[in-house]
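Worksheet for the structure shown next.
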Amino acid sequence: MKNMEEENETVNVNNIDGSIVMLTCIYNDLNNLHWKKEINSNGDSFDYDSQDIYRHVLEQILLRFEIVEKISPETDKEERKVLLKDLKIATEKNIKLYIKYSDFFEELPREKLRLDEFNKQKLPENNYTEQEVQARLDQIIELTDREKFFRTSFYNTVGFLINNYHEDMYHISVWIKNLIEANFKGYKPYDSNYLKIHKQSFFNMGVVHHIHKEYNGIIFEKITEIELYNTLNLKNTISYLKIKDKRMIFYLFYKMQNDLLNTEVSEQWLDGILNEINTTKKYYNSQYKAVVWEDRSEKQKEFADSLDTLFKTILVPLIS
């Protein structure tokens with residue numbers, strides 16, 4: 330039995346070392362061959378193939394790798410330290426690239442790429458306007474349950490093009506870097522549910538009703554209550570929320586996350602809703618309290634006061 334355990338341990342250790350080497354190579358290619366190429370070409374290399382590569386790297390490699398041993402950890406051995414140092418350097422480069430060019434990555438024409446590919450694959454030889462293509466795309470997507478949609482052949486061939494894989498990979502890079510720096514103490518698996526598929530509803534219709542009644546057409550373009558309900562609960566498959574004032578809606582998200590949700594799901598919800606409006610966590614964190622800053626406008630002050638009153642007198646009792 331002892332010999333079998335030692336043999337298993339040896340195999341496990343070799344697998345871990347191999348994963349570390351592979352991840353380092355993947356990151357070096359990602360940083361130097363793909364991201365820098367996009368940056369230097371001003372986005373010209375951002376296309377269907379690049380998105381397909383990013384999706385494969387994220388789902389088949391970054392979300393599946395193992396660099397934590399299940400049997401007798403040997404993270405202090407010298408060879409392991411060298412390998413982890415190389416991986417840490419590679420992830421740090423990825424993090425720096427993303428932070429420096431986050432606006433560039435965020436503004437890459439993901440929606441246009443998806444529309445163009447949909448038009449080419451599903452509407453060949455038809456001279457539709459961009460608005461008509463968008464309407465036809467929405468008709469297909471809107472009728473699909475969110476969880477089922479991500480499993481459809483349509484999503485696998487066209488729908489995935491809307492995702493911001495740059496940001497998804499950046500978050501994994503931060504997790505890996507922190508993991509190595511902590512020498513794997515307090516290890517928790519990375520949440521692989523980057524598409525935010527879930528069963529629960531975060532907010533009831535009463536909460537949505539009051540937000541819709543007070544702010545529909547003011548901080549976001551007019552939509553129906555059910556569209557707002559589906560959006561705020563991350564149940565939608567198309568983006569209904571068109572923002573009129575980001576600072577105001579950021580403060581609304583802040584109040585909803587902190588006053589109405591428990592800590593177990595609050596970060597999951599915030600990540601999901603920011604993805605709905607194509608906004609990075611970094612930008613949100615820099616602006617979510619702007620409407621309570623001293624230099625706020627009178628309009629922002631009135632909004633913040635009204636929202637604070639709404640949460641104190643109506644919304645909190647609804648979910649208590």
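Reading the sequence shown from the start, the letters are residues 330 to 649 in the working numbering. Here a beta-carbon is modelled for each residue, glycine too, at the ideal position from N, C-alpha and C.
Inter-residue distance for N559 and V462 is about 23 Å (C-alpha atoms, whole angstroms).
Secondary structure of I572 (DSSP, three-state): strand. Counting C-beta atoms within 10 angstroms of its own C-beta, K542 has fewer than 16 neighbours from the protein chains shown and is therefore classed as exposed. Contact between Y569 and K618 is ruled out by a C-beta separation of about 25 Å, above the 8 Å threshold. Excluding residues up to 5 positions away in sequence, V397 and L508 lie with their Cβ nearer than 8 Å to the Cβ of Y516 in the same chain. L391 and A511 have their C-alpha atoms roughly 19 Å apart.
Note on the segment 544-591: whole alpha helix (DSSP H) runs with a minimum of 4 residues are 554-561 and 575-589, in chain order. Taking every protein chain shown into account, the CB of A633 has 16 or more other CB atoms within 10 angstroms, so this residue is buried. Residues of the same chain with a CB within less than 6 Å of the CB of W504, apart from the 5 flanking positions on each side, are Y519 in chain order.
The Cβ atoms of M498 and L352 do not sit closer than 7 Å to each other.
Within the segment 584-645, the complete alpha helix (DSSP H) segments at least 4 residues long are 592-605, 610-616 and 627-639, listed from N- to C-terminus. Distance from the Cα of L437 is smallest, within the candidate group L561, V594, S379 and L412, for S379. Three or more Cβ pairs closer than 8 Å define a contact, and the segment 610-629 falls short of that threshold against the segment 547-562. When DSSP states are grouped into helix, strand and coil, V397 belongs to the coil group.
In the structure shown, A511 falls within a coil segment according to DSSP collapsed to helix, strand and coil. The straight-line gap separating the alpha-carbon atoms of Q389 and E440 is approximately 24 Å. Scanning the segment 482-544 from its first residue to its last, the whole alpha helix (DSSP H) runs of 4-plus residues come out as 482-486, 494-510 and 534-544. Per DSSP, E436 lies in no alpha helix (DSSP H) and is assigned neither H nor E.
Between E605 and Y494, the alpha-carbon positions lie close to 14 Å from each other.
Here the alpha carbon of F640 sits roughly 8 Å from the alpha carbon of D588.
Excluding residues up to 5 positions away in sequence, L391 and Y519 lie with their Cβ nearer than 7 Å to the Cβ of I501 in the same chain. In this structure, F394 keeps its C-beta atom at 7 Å or more from the C-beta atom of S431. One thing to note: Y356 has its Cβ within 7 Å of the Cβ of N423. In this structure, the alpha-carbon of K630 lies about 18 Å from that of T642. If you ignore the 5 residues before and after K611, its C-beta comes within less than 8 Å of the C-beta of I428 and S431, all in its own chain and listed in chain order. Bounds of any alpha helix (DSSP H) do not take in R480, whose DSSP letter is neither H nor E. D378 sits in a helix when the DSSP states are folded into three classes. Counting the other Cβ atoms within 10 Å of the Cβ of Y457 gives fewer than 16, which makes it exposed.
The alpha-carbon separation between I491 and F447 amounts to approximately 12 Å.
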